[in-house]
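As given, the protein sequences belong to chains Y and U, one line each in that order. Here the first sequence stands for residues 1431 to 1808, where the numbers follow this note's numbering. Here the second sequence stands for residues 1431 to 1808, where the numbers follow this note's numbering. A virtual CB, placed ideally from N, CA and C, is assigned to each residue, including glycine. What you are looking at is a predicted structure, and each value in this text was computed from that prediction instead of being measured.
Protein chains: 2
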Amino acid sequence: MTFDPETTTFLIAGPVRIHPRVLRAMSMPSLNHRGDYFHGVVGEIRELLPVLFGAKGRQLILSGSGTSGLEAVYSSLVPKDRRTLVLSNGNFGERTDLIVRRYSSSVTTISAPWGQPLPAEQVHAELAKGDVGAVCVVHNETSVGLANDLTAIAPAVRGSGALFLVDGISAVAGIPVEIEKWGIDAVVAGSQKGLAAPAGLALVHLSERAAAALHPGTFYLDLAAHLKSLEKNDTPWTPAVPLFLALREALLLLKEEGLATRLERTHRLAEASRAAVDALGLSLFPERRHASDTVTAIRNPEGLGDAELRKVLERQYNILVQGGQGALTGKIFRIGHMGIADWPDLLVTFAALERILGKAGRLPAPGRALAAIVERMP
Amino acid sequence: MTFDPETTTFLIAGPVRIHPRVLRAMSMPSLNHRGDYFHGVVGEIRELLPVLFGAKGRQLILSGSGTSGLEAVYSSLVPKDRRTLVLSNGNFGERTDLIVRRYSSSVTTISAPWGQPLPAEQVHAELAKGDVGAVCVVHNETSVGLANDLTAIAPAVRGSGALFLVDGISAVAGIPVEIEKWGIDAVVAGSQKGLAAPAGLALVHLSERAAAALHPGTFYLDLAAHLKSLEKNDTPWTPAVPLFLALREALLLLKEEGLATRLERTHRLAEASRAAVDALGLSLFPERRHASDTVTAIRNPEGLGDAELRKVLERQYNILVQGGQGALTGKIFRIGHMGIADWPDLLVTFAALERILGKAGRLPAPGRALAAIVERMP
């Protein structure tokens, strides 16, 4: 089948499928980014951002993708005179480490193997040594389909007085991020994940004490400059206007659905996916109790690599799922089910997987994966 | 008149009007940014970028607005161990100074008052003192409607061996930028100016020696990382996918028109605007021989401020032009005529200006401004 983006079942780990309302919002003709209408758009976005973050605070929009939001936060909040802890158990944890080390020479990295949970005791022990100014962690490790349990470390981080800086790029609007309860000081969300807007914007939530602690980082991503402009519904530099229009529409859609409803649907789709994986005789990559609700990472079965599985989904059935990154290339595949993904997406994907495994003589019981999904529908 | 972006005559100094083909390109459903189709899009863009720059070289696409491109270039090419010259005669020259000083403690700024040409002899004298590693200049100062004459300094910069780093955000595809002839090492173009794509992307051209001289700057805007990924038609971080699709379409439009034709039309529109300004009894803000072809900056006549002129254009005639920045607020207004701006835009704008001045009893000779435009049509 020739690739046709208009009819593809689109379940990669983000960017996710975009609602046509959001796509159409970008076709508005040029606006004066310093004029009343656009200031109004920025104002509406600011009023809607608490729906996304599930909390109020100092919330910013950066014209750059998720990584720009991370650099904005780390460059202006990682302390120069105290230690920073980086927690890492996947590709994005490693990226955190790379960024943070550009801005601090006193970094302690606590790692677990990709896909394994973070060692909370080790975090507690490092915090107990003292002098930690910031703790940086990826909440949802898309690369391995794992959600890090922040409740296991949040009280200790809060108790230490360190700033709690969270990469929530694929977590926000995908899994519960309890900003206030866990005492998070900065969260970065990507536009193209749970929110289901196009890629290209980073949304940042700051606590009051984080806003007060900002020091100059990079120029383009200067959070203090952005906060100051936003007070007038303005941006310090020219914004990516069409992406702002799309963001407004995606936030309106999220408000109409409700954050809790979106999280609940994402969770149900994840539970259904995991049950279907069992029924297919396949196995999850991460430990089951740490499996992410936004993306299900599945081990390729013996003898069925990318060429026999993922590429067939794509070419034969026009279903896009994602492969593994780095050392996991060809070893796992990942089905995203966040944003506006819904039951039809899941049904057609697992139907195709049943068919592929059936043809290969590797299907334990025909129909069982689909039945597992149907049973978990609302 | 209620603001209606669908029918507005849109002549601010950028973002500029976007062709419907380019707007529609953004409504394509989500793409896998690591898949074959999107790699193809990036490949096509790379093949088309020499049309934009009028030269071949190492050319990059950054998911950030023009300022991000400037920081990318200055942070990775301004030398840490030698002097940097910054030339400044407007708002964007001052911004250059701010960015460069984040990355070097040895900066000499050569300024002229806003709207006055740069003092070339002073540049020559500073270069003659030696130890200059980079020269940074804004080619087209949108803020004051002035084009800096790079031919007056290019041979000396080249002769000194310093890197020649040019903010071409509003120059590229608006006025001639002779990258090879003038020996420019880095040019930053904005997507939303002469190219007439949406705001949100920076395009960067590097000479071979600039590409070889890159040192680590910021993480998100790391030019070496971008160059490496681009070799595989890829990006190091998630790109702003819809903006890339729009960029491809805008580059195709530019290729169909031809860079020379676009520059010629922009020049003709500028000549016509200047003649019409004369006919209205108004005066240009910059020295005439340095007036920019992309934007005409006009002094507000005595007693007719923003409220009586620019705001009336907007409210009564749905024509958007731009006011002054900083100290020039209320003192000048600026008509952009780059990108896909064309004769109808100019005719309706000067017709409205004739009407406004006529009603105020300030029009020297009815019809003369429009006649001046008509005479300069092809």
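#1: In the DSSP assignment, the alpha helix (DSSP H) including H1697 (chain Y) goes from what residue to what residue?
#2: Take Q1552 (chain Y) as the anchor and find which of Y:T1539, Y:G1473, Y:G1563 and Y:W1544 has the nearest alpha-carbon.
#3: Pick out the complete beta strand (DSSP E) segments inside the segment 1625-1695 of chain Y, 3 residues or longer, and give them in chain order.
#4: Whole angstroms is fine: what's the gap from V1471 (chain Y)'s alpha carbon to N1462 (chain Y)'s?
#5: Is G1589 (chain U) helix, strand or coil when you go by DSSP?
#6: What separation, rounded to the nearest whole angstrom, lies between the Cα atoms of H1449 (chain Y) and M1458 (chain U)?
#7: DSSP has T1514 (chain Y) in a bridge; who is on the other side?
#8: By how many angstroms is the C-alpha of E1738 (chain U) removed from the C-alpha of S1534 (chain U)?
#9: Under 8 angstroms: do the segment 1735-1749 of chain Y and the segment 1667-1677 of chain Y share three or more Cβ pairs, one atom per stretch?
#10: Would you list, in sequence order, the uninterrupted alpha helix (DSSP H) runs of no fewer than 4 residues that lie entirely inside the segment 1713-1791 of chain U?
#11: With 16 other CB atoms within 10 Å as the buried threshold, where does P1628 (chain Y) fall?
#12: What are the boundary residues of the beta strand (DSSP E) that Q1489 (chain U) is part of?
#13: Quick one: Cα of R1454 (chain Y) to Cα of L1453 (chain U), how far?
#14: Going by C-alpha to C-alpha distance, which of U:D1579, U:G1563, U:E1608 and U:E1805 sits closest to D1511 (chain U)?
#15: Closest to A1799 (chain U) by CA distance: which of U:Q1752, U:L1783 and U:A1790 is it?
#16: Step through the CB atoms of chain U and report whether any lies within less than 8 angstroms of the CB of M1456 (chain Y).
#17: Show which residues of chain Y have a CB atom less than 9 angstroms away from the CB atom of N1557 (chain U).
#18: Measure the Cβ-Cβ separation of V1804 (chain U) and L1441 (chain U) and say whether it is below 8 angstroms.
#19: So, are the CB atoms of D1615 (chain Y) and S1590 (chain Y) less than 8 angstroms apart?
#20: Going by the DSSP bridge assignment, what does D1597 (chain U) pair with across the sheet?
#21: Under the rule that 16 or more other beta-carbon atoms within 10 Å means buried, what is D1723 (chain U), buried or exposed?
#22: According to a CB-to-CB cut-off of less than 9 angstroms, which residues of the segment 1577-1596 of chain Y neighbour chain U?
#23: Where do the N-terminal and C-terminal ends of the alpha helix (DSSP H) with D1434 (chain Y) fall, by residue?
#24: Give the range of the alpha helix (DSSP H) segment to which I1803 (chain U) is assigned.
#25: In three-state DSSP terms, what is A1577 (chain U)?
#26: For A1721 (chain Y), which of Y:A1709, Y:A1801, Y:A1702 and Y:P1731 has the nearest alpha-carbon?
#27: Excluding sequence positions up to five away, which residues of its chain have a Cβ less than 7 angstroms from the Cβ of R1740 (chain U)?
#28: What residues in its chain sit with their C-beta under 7 angstroms from that of H1697 (chain U), if we drop five residues either side in the sequence?
#29: When the Cα of A1790 (chain Y) is compared with those of Y:P1731, Y:I1770, Y:A1641 and Y:G1769, which residue comes out closest?
#30: Are the beta-carbon atoms belonging to L1625 (chain Y) and A1603 (chain Y) less than 8 angstroms from one another?
#31: Where do the ends of the alpha helix (DSSP H) carrying E1610 (chain Y) lie?
#32: Given that A1640 (chain U) touches chain Y, what residues does it touch there, using C-beta distances under 7 angstroms?
#33: Could you pull out every residue in the same chain whose Cβ sits closer than 7 angstroms to the Cβ of E1610 (chain Y), ignoring the five residues on either side in sequence?
#34: Answer yes or no: do E1571 (chain U) and G1494 (chain U) have a C-beta to C-beta separation smaller than 8 angstroms?
#35: When the cut-off is 8 angstroms and only beta carbons count, does E1679 (chain U) lie next to chain Y?
#36: If we ignore side chains and look at the alpha-carbon of each, how far apart do D1579 (chain U) and A1771 (chain U) end up?
A quick look at the data gives this:
#1: On the first sequence, residue 1697 (chain Y) is found 267 positions in, with the first residue counted as 1. Per DSSP, H1697 (chain Y) belongs to the alpha helix (DSSP H) from L1689 to A1709.
#2: Residue 1552 (chain Y) sits at position 122 when you count from the first residue of the first sequence. Of the candidates Y:T1539, Y:G1473, Y:G1563 and Y:W1544, the one whose C-alpha sits nearest the C-alpha of Q1552 (chain Y) is Y:T1539.
#3: 1632-1636
#4: The sequence position of residue 1471 (chain Y) within the first sequence is 41, counting from 1. The sequence position of residue 1462 (chain Y) within the first sequence is 32, counting from 1. Each residue's Cα considered, the two are about 11 angstroms apart.
#5: On the second sequence, residue 1589 (chain U) is found 159 positions in, with the first residue counted as 1. G1589 (chain U) falls in the helix class under three-state DSSP.
#6: Within the first sequence, residue 1449 (chain Y) is the residue found at index 19, counting from 1. Within the second sequence, residue 1458 (chain U) is the residue found at index 28, counting from 1. So the alpha carbons of these two residues sit roughly 11 angstroms apart.
#7: Here residue 1514 (chain Y) refers to the residue found at position 84 when the first sequence is read from its first residue. Partner(s): Y:V1537 and Y:A1564.
#8: Position 104 of the second sequence, counting from 1, holds the residue named residue 1534 (chain U). Position 308 of the second sequence, counting from 1, holds the residue named residue 1738 (chain U). In a straight line, the C-alpha of S1534 (chain U) is about 45 angstroms away from that of E1738 (chain U).
#9: no
#10: 1740-1747 and 1773-1789
#11: Counting from one through the first sequence, the residue named residue 1628 (chain Y) turns up at place 198. P1628 (chain Y) comes out buried.
#12: Residue 1489 (chain U) sits at position 59 when you count from the first residue of the second sequence. Its beta strand (DSSP E) spans residues R1488 to L1492.
#13: To locate residue 1454 (chain Y), count along the first sequence from 1; it is residue 24. To locate residue 1453 (chain U), count along the second sequence from 1; it is residue 23. Their Cα atoms are separated by approximately 9 angstroms.
#14: Within the second sequence, residue 1511 (chain U) is the residue found at index 81, counting from 1. Per the Cα distances, U:G1563.
#15: Along the second sequence, read from residue 1 onward, the residue named residue 1799 (chain U) stands at position 369. Out of U:Q1752, U:L1783 and U:A1790, U:L1783 has the C-alpha closest to the C-alpha of A1799 (chain U).
#16: The count along the first sequence starts at 1 and reaches residue 1456 (chain Y) at position 26. For M1456 (chain Y), the answer is yes, since a Cβ of chain U falls inside 8 angstroms of its Cβ.
#17: Position 127 of the second sequence, counted from the first residue, corresponds to residue 1557 (chain U). With the sequence shown as reference, residue 1557 (chain U) is identified as Leu, and Asn is not the correct amino acid for it. Chain Y residues near L1557 (chain U): none, gap ~26 angstroms exceeds 9 angstroms.
#18: Mapped onto the second sequence, residue 1804 (chain U) falls at position 374. Mapped onto the second sequence, residue 1441 (chain U) falls at position 11. It is not a contact, given that the beta carbons lie outside the stated cut-off.
#19: Position 185 of the first sequence, counted from the first residue, corresponds to residue 1615 (chain Y). Position 160 of the first sequence, counted from the first residue, corresponds to residue 1590 (chain Y). Contact flag unset, no.
#20: In the second sequence, counting from the first residue as 1, residue 1597 (chain U) sits at position 167. DSSP, once it has assigned bridges, lists U:V1568 and U:V1618 as partnering D1597 (chain U).
#21: On the second sequence, position 293 is the one that residue 1723 (chain U) refers to. Counting Cβ neighbours within 10 Å, D1723 (chain U) comes out buried, since at least 16 surround it.
#22: none
#23: Position 4 of the first sequence holds residue 1434 (chain Y). From DSSP, D1434 (chain Y) is part of no alpha helix (DSSP H); its letter is neither H nor E.
#24: Taking the first residue of the second sequence as position 1, residue 1803 (chain U) is located at position 373. Looking at the DSSP string, the run of the alpha helix (DSSP H) that includes I1803 (chain U) is R1798 to R1806.
#25: As a first step, residue 1577 (chain U) is located in the second sequence; it is residue number 147 there, counting from the start. In this structure, A1577 (chain U) counts as strand in the three-state DSSP scheme.
#26: Stepping through the first sequence from its first residue, residue 1721 (chain Y) is reached at position 291. Nearest C-alpha to A1721 (chain Y): Y:A1702.
#27: As a position in the second sequence, residue 1740 (chain U) is number 310, starting the count at 1. Cβ within range, chain order: V1751, G1753 and F1763.
#28: For the purposes of this step, residue 1697 (chain U) is identified with residue 267 of the second sequence, where counting begins at 1. Closer than 7 angstroms at the Cβ level, and outside the excluded window around H1697 (chain U), lie D1723.
#29: Along the first sequence, one-based indexing puts residue 1790 (chain Y) at 360. With distances taken between Cα atoms, A1790 (chain Y) lies closest to Y:P1731.
#30: Translated into positions along the first sequence, residue 1625 (chain Y) becomes position 195. Translated into positions along the first sequence, residue 1603 (chain Y) becomes position 173. Closer than 8 angstroms, so yes.
#31: Position 180 of the first sequence, counted from the first residue, corresponds to residue 1610 (chain Y). Unbroken alpha helix (DSSP H) run through E1610 (chain Y): I1609 to W1612.
#32: Taking the first residue of the second sequence as 1, we reach residue 1640 (chain U) at position 210. Correct list: empty, because the minimum Cβ distance to chain Y is about 19 angstroms.
#33: Taking the first residue of the first sequence as 1, we reach residue 1610 (chain Y) at position 180. Result list for E1610 (chain Y): A1485, in chain order.
#34: Reading the second sequence from its first residue, position 141 is the one you call residue 1571 (chain U). Reading the second sequence from its first residue, position 64 is the one you call residue 1494 (chain U). Not closer than 8 angstroms, so no.
#35: For the purposes of this step, residue 1679 (chain U) is taken as residue 249 along the second sequence, with counting starting at 1. With 8 angstroms as the cut-off, E1679 (chain U) does not count as an interface residue toward chain Y.
#36: Against the second sequence, residue 1579 (chain U) aligns to sequence position 149. Against the second sequence, residue 1771 (chain U) aligns to sequence position 341. Approximately 24 angstroms between the Cα atoms of the pair.
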